[in-house]
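Trainee: There's a structure below that I have some questions on.
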Amino acid sequence: MGISWGTADSRVAGTLWWCMAASSLVTPIVAAYADGRPAMSPALDRIACEIRPDGGVERVLSIPTVSEDQTATGVGDRRSATAFPDSHPAPGNASPDAAGLDTTGLDTTGLDIADLGTADLGTADLGTVGIETADLDTTAAGGTARDGAPAEPWSATSTGPALRNTLSRLIPLVAEVSGASPAALWAIVADAIGNRALDIGAHEAGARLAREVAGRLPVPRFTDIGSRTFVRRISCCLVFEVPGCEMCTSCPKRPAAQREALLSELAARG
Numbered sequence: 001m002g003i004s005w006g007t008a009d010s011r012v013a014g015t016l017w018w019c020m021a022a023s024s025l026v027t028p029i030v031a032a033y034a035d036g037r038p039a040m041s042p043a044l045d046r047i048a049c050e051i052r053p054d055g056g057v058e059r060v061l062s063i064p065t066v067s068e069d070q071t072a073t074g075v076g077d078r079r080s081a082t083a084f085p086d087s088h089p090a091p092g093n094a095s096p097d098a099a100g101l102d103t104t105g106l107d108t109t110g111l112d113i114a115d116l117g118t119a120d121l122g123t124a125d126l127g128t129v130g131i132e133t134a135d136l137d138t139t140a141a142g143g144t145a146r147d148g149a150p151a152e153p154w155s156a157t158s159t160g161p162a163l164r165n166t167l168s169r170l171i172p173l174v175a176e177v178s179g180a181s182p183a184a185l186w187a188i189v190a191d192a193i194g195n196r197a198l199d200i201g202a203h204e205a206g207a208r209l210a211r212e213v214a215g216r217l218p219v220p221r222f223t224d225i226g227s228r229t230f231v232r233r234i235s236c237c238l239v240f241e242v243p244g245c246e247m248c249t250s251c252p253k254r255p256a257a258q259r260e261a262l263l264s265e266l267a268a269r270g
């Protein structure tokens with residue numbers, strides 16, 4: 001990821017990777033909340049991902065349990081083809097095109113948006129930032145215990161606590177590898193939830209998910225400027241520290257008056 005972005009700063013590269021990863025991890029969950037349907041399990045042993053050539057994550061996939069897999073395929077291998085449907089490329093052939101990372105308000109001067117991708121998060125590829133899945137406790141609800149015994153069936157009411165469990169395991173490791181602070185990484189997740197909710201016009205669904213996750217996760221905040229609603233960000237992606245890139249229009253590090261003026265211009269453009 002650092003090579004792709006042209007930076008040797010692990011804090012910057014790791015933060016950018018996490019911005020993408022967090023966005024992709026929460027995207028299908030926020031969509032389910034907005035639609036009023038059961039969300040996928042975010043437990044570590046229930047998710048997989050497609051990885052881009054640059055080390056980013058293309059998207060998050062749900063791995064079925066044994067019973068779900070048997071129902072879908074008639075066989076008992078929980079790691080069957082249902083984890084990577086035929087209609088989508090396998091991880092090694094993931095498309096390099098951008099596909100869902102929020103770039104609203106991003107000043108893309110000198111920035112190739114195709115490099116942003118939608119960094120989905122999955123245990124198969126945590127090594128992209130030096131994390132080994134062997135270090136993770138994956139006995140979260142709805143998965144399979146370390147001794148191989150089936151865990152309790154997944155319940156949609158467990159989504160918030162399970163996501164908190166997953167984030168609580170991932171964030172300290174990403175922080176250790178990158179040098180970013182855990183608080184900053186939690187804030188990135190909150191803003192990702194808010195942006196994904198805004199993308200589908202359901203900001204309350206994002207706030208509800210964040211409240212159910214609770215713990216160290218802030219609830220995303222929103223602000224109306226002109227005819228548009230924006231996330232009132234509390235996190236910084238550090239993209240402005242990459243050579244040739246500018247600070248995001250909505251970056252909380254901008255002076256408030258300047259940020260509002262820039263967002264007003266953006267809203268006026270529709």
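Just so we're aligned, residue 1 is where the sequence shown starts under full-length UniProt numbering, counting upward by one. Think of the CB as a built atom: it goes at the ideal place given N, C-alpha and C, for glycine as much as any other residue.
1) How close, in whole Å, do the beta carbons of G206 and V30 come, if the pair is a contact with beta carbons under 8 Å?
2) From C237 to D54, what does the alpha carbon distance come to, in whole angstroms?
3) Beta carbon of C245: closer than 7 Å to some heavy atom of the ligand MN?
4) Checking contacts by CB at 8 Å: is D9 closer than that to chain D?
5) Would you say the segment 15–22 touches the segment 43–57, given that touching needs at least three Cβ pairs under 8 Å?
6) Are the segment 166–180 and the segment 3–11 touching, with three or more C-beta to C-beta distances below 8 Å?
7) Evaluate the contact criterion for the segment 34–43 versus the segment 250–258: three or more CB pairs, one atom per stretch, below 8 Å.
8) To the nearest angstrom, report how far apart L225 and R232 are at their CA atoms.
9) If contacts are defined as beta-carbon pairs under 8 Å, then G160 and V219 qualify, I think. What distance do you get, rounded to the angstrom?
10) On the DSSP bridge assignment, give the partners of R269 in chain order.
11) On a Cα-Cα basis, can you pick out the residue from S4, T27 and P64 that is closest to A190?
12) Any idea if A268 is buried or exposed, counting beta-carbon neighbours within 10 angstroms, 16 or more meaning buried?
13) Could you pull the start and end residues of the beta strand (DSSP E) that V57 belongs to?
14) Tell me which residue opens and which closes the beta strand (DSSP E) that V231 is part of.
15) Which of helix, strand or coil does DSSP assign to C49?
16) Quick one: is R46 buried, meaning 16 or more other Cβ sit within 10 Å of its Cβ, or exposed?
17) How long is the line joining the alpha carbons of P85 and E50, rounded to whole angstroms?
18) Helix or strand or just coil, what does DSSP make of T65?
19) How many angstroms separate the CA atom of P243 from the CA atom of S158?
20) Looking only at its own chain, which residues have a Cβ that is under 8 Å from the Cβ of residue 312, when we skip the five neighbours before and after it?
21) Could you tell me how far apart the beta carbons of T223 and H203 are, in whole angstroms, since I believe they sit closer than 8 Å?
22) Run through DSSP, which three-state label would T249 get?
23) How big is the Cα-Cα spacing for L217 and R196?
24) DSSP has D224 in a bridge; who is on the other side?
25) Spatial neighbours of L111 within its chain, please: C-beta separation below 6 Å, excluding the five flanking residues on both sides.
26) Which same chain residues, not among the five before or five after P42, have their C-beta less than 6 Å away from its C-beta?
Mentor: In this structure, then:
1) 6 Å
2) 18 Å
3) Only the bare structure without any ligand can be found here, which leaves the ligand MN out of the picture.
4) No chain D appears in this structure, which consists of one protein chain only.
5) yes
6) yes
7) no
8) Note that residue 225 is Ile in the sequence shown, not Leu. Distance between the alpha carbons of I225 and R232: 11 Å.
9) Actually they are not in contact, since the Cβ atoms of G160 and V219 sit about 12 Å apart, beyond 8 Å.
10) The partner list for R269 (beta bridge, DSSP) is empty, contrary to what the question assumes.
11) T27
12) exposed
13) V57 to S62
14) R228 to V231
15) strand
16) buried
17) Confidence at P85 is low in this model, with a pLDDT of 35, below 50, so its placement is unreliable and no value can be given for it.
18) coil
19) 42 Å
20) One cannot answer for residue 312 here, as it falls past the ends of the chain, which runs 1 to 270.
21) 11 Å between Cβ atoms; not a contact.
22) coil
23) 16 Å
24) T229
25) Low per-residue confidence applies at L111: pLDDT is 37, beneath 50, and the placement is therefore not dependable, though the value from the model is reported in the following sentence. Correct list, in chain order: C245.
26) A162, L163 and T166
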